[in-house]
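These notes concern the structure reproduced below.
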Amino acid sequence: MSIATRPLPSAPSGTLERLAGYAVGGVRAVAFWTATLLPFALIVGLFIGAVEPRHGHSPS
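By the numbering used here, the letter at position 6 of the sequence shown is numbered 6, and the numbering carries on one by one without gaps.
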């Protein structure tokens, strides 16, 4: 086996790929939970806005 075909013991590209994988996984998790919880948050916000009494402000 020649030296040119041996893999390097500490390849920086492996670390970069691992960090990129973590970043992509984090972004996917944030996107998933945002898409899951946003409809519920909007419904609760609409309900609270409809139930909460007005404070006498004139509409703009």
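Heads up, the beta-carbon is just placed ideally off N, CA and C, and yes, glycines get one too.
Query                                                                        : Result
Rounded straight-line distance, which links the Cα of ALA23 to that of THR34 : 16 Å
Backbone CA spacing between GLU52 and ILE43 [nearest angstrom]               : 14 Å
Helix, strand or coil at GLU17 [DSSP, three-state]                           : helix
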